[in-house]
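Below you'll find the structure, written out as structure tokens, and then a few comments.
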Amino acid sequence: MSSTKVKKQLKALLKLPDNRYCADCPQKKPTWASINIGVFLCLQCAGIHRDMGVHITKVRSVELDTWQPEWVSVMKKWGNRRANKYWEARCPRNYEGRPTEEEAQALSYKMKKFIRDKYEKKVWVAKDSPNDDSNDEEEEEEEEEEVDEEAERRRRRRNARKKREKEREAARENETKAKAKTESSSSTKTPSVQIQKQSEPEELDLFGSFDSSPAPSSSSKSESVHNIVDQFGQLQ
29 MSSTKVKKQL
39 KALLKLPDNR
49 YCADCPQKKP
59 TWASINIGVF
69 LCLQCAGIHR
79 DMGVHITKVR
89 SVELDTWQPE
99 WVSVMKKWGN
109 RRANKYWEAR
119 CPRNYEGRPT
129 EEEAQALSYK
139 MKKFIRDKYE
149 KKVWVAKDSP
159 NDDSNDEEEE
169 EEEEEEVDEE
179 AERRRRRRNA
189 RKKREKEREA
199 ARENETKAKA
209 KTESSSSTKT
219 PSVQIQKQSE
229 PEELDLFGSF
239 DSSPAPSSSS
249 KSESVHNIVD
259 QFGQLQ
């Protein structure tokens, strides 16, 4: 099996919902693994596994080490969910000794004790043999279904994202067209307004027919009055 195919299978295993978290603590995106126990681990838990020794657990980096096909087979056979069913079979669901994410990051005593009790002392180990393959086929079918479901969810998210992008693009195009239409409409109306404004003074020229000659001066009016008075006197 080529190294490329091995890496591809390893990445596919890491995408399974049960392998997205460390097998021993709540931290996400594990990048280490125990190749003999078959669990994926975070950096902090991988360090504690190393301290326990290779006679208990053999640690490899998912990203830095070159993986062998048989290691991938072990990870495929077990995985975090099935391994924890065996190693934590008798561990109470609300066990207070189980480390939190903060305690795991701090490499607390509680964290180290939990891992050593789990693998070294085998405090909660199942009574059944870890080599019992009676449920292998069922486990593999469940994992395949989970992979298919995850692929379907990714496809739906991708389609929804594309749909939103198309809707935004259509909205931008409609907005651009509406703006251009408004600008075109306003530009065609402007000349008629200007012509109307220019013709307004002619329509409002109400005094154009009146005589524009200057009115007689006050002295001329006075002389005319005197002439009329004189003529009236002579008649008497």
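For the sequence shown, my numbering assigns the number 29 to the initial residue and increments by one for each residue that follows.
Ideal Cβ placement from N, Cα and C applies to all residues, glycine included.
As the crow flies, the alpha-carbon of Ser-136 is around 54 Å from that of Ala-199. Under the three-state reduction of DSSP, Leu-44 is assigned to coil, being neither helix nor strand. Lys-155 has its alpha-carbon roughly 20 Å from the corresponding atom of Asp-52. The Cβ atoms of Trp-95 and Ala-74 lie no closer than 8 Å to each other.
Taken in chain order, the complete beta strand (DSSP E) segments of 3 or more residues contained in the segment 104-151 number zero; there are none. From the listed residues Arg-181, Glu-177 and Lys-149, the smallest Cα separation to Trp-115 is found for Lys-149. Distance from the CA atom of Trp-106 to the CA atom of Ile-65, rounded to whole angstroms, is 8 Å. Around Ile-84, the same chain offers Tyr-147 and Glu-148 as residues with beta carbons nearer than 7 Å, after the five sequence neighbours per side are excluded. For Ala-74, there is no enclosing beta strand (DSSP E); the enclosing alpha helix (DSSP H) has its first and last residue at 71-80.
Per the DSSP secondary-structure output, Trp-99 pairs with nothing in a beta bridge.
Val-102 and Ile-63 do touch by the CB rule: their CB atoms are close to 6 Å apart, below 8 Å.
With a contact defined as Cβ atoms closer than 8 Å, Ala-117 and Val-151 miss out at about 10 Å. Only buried fits Val-100, as 16 or more other CB atoms lie within 10 angstroms of its CB.
Your pair Phe-68 and Asn-108 checks out as a contact, with CB atoms roughly 6 Å apart and the cut at 8 Å. Annotation for Val-87: the continuous beta strand (DSSP E) segment containing it runs 87-89. Beta-bridge pairing by DSSP links Ala-61 to Phe-68 and Arg-88.
Around the beta carbon of Asn-202, fewer than 16 other beta carbons sit within 10 angstroms, so the residue counts as exposed. Per DSSP, the beta-bridge partners of Lys-56 are Tyr-49. The shortest CA-to-CA distance from His-77 to any of Asp-145, Glu-180 and Ala-188 is the one to Asp-145.
Relative to Asp-79, the option among Asn-187, Glu-193, Pro-97 and Ile-143 whose CA is nearest is Ile-143.
Of the residues assessed, Val-82 falls on the exposed side of the cut-off, its CB having fewer than 16 other CB atoms within 10 angstroms.
Our two residues, Cys-50 and Lys-39, have alpha carbons roughly 15 Å apart in a direct line.
In the displayed model, Val-153 falls within coil according to three-state DSSP, outside both helix and strand.
Straight-line measurement puts the Cα of Arg-192 at about 33 Å from the Cα of Pro-58.
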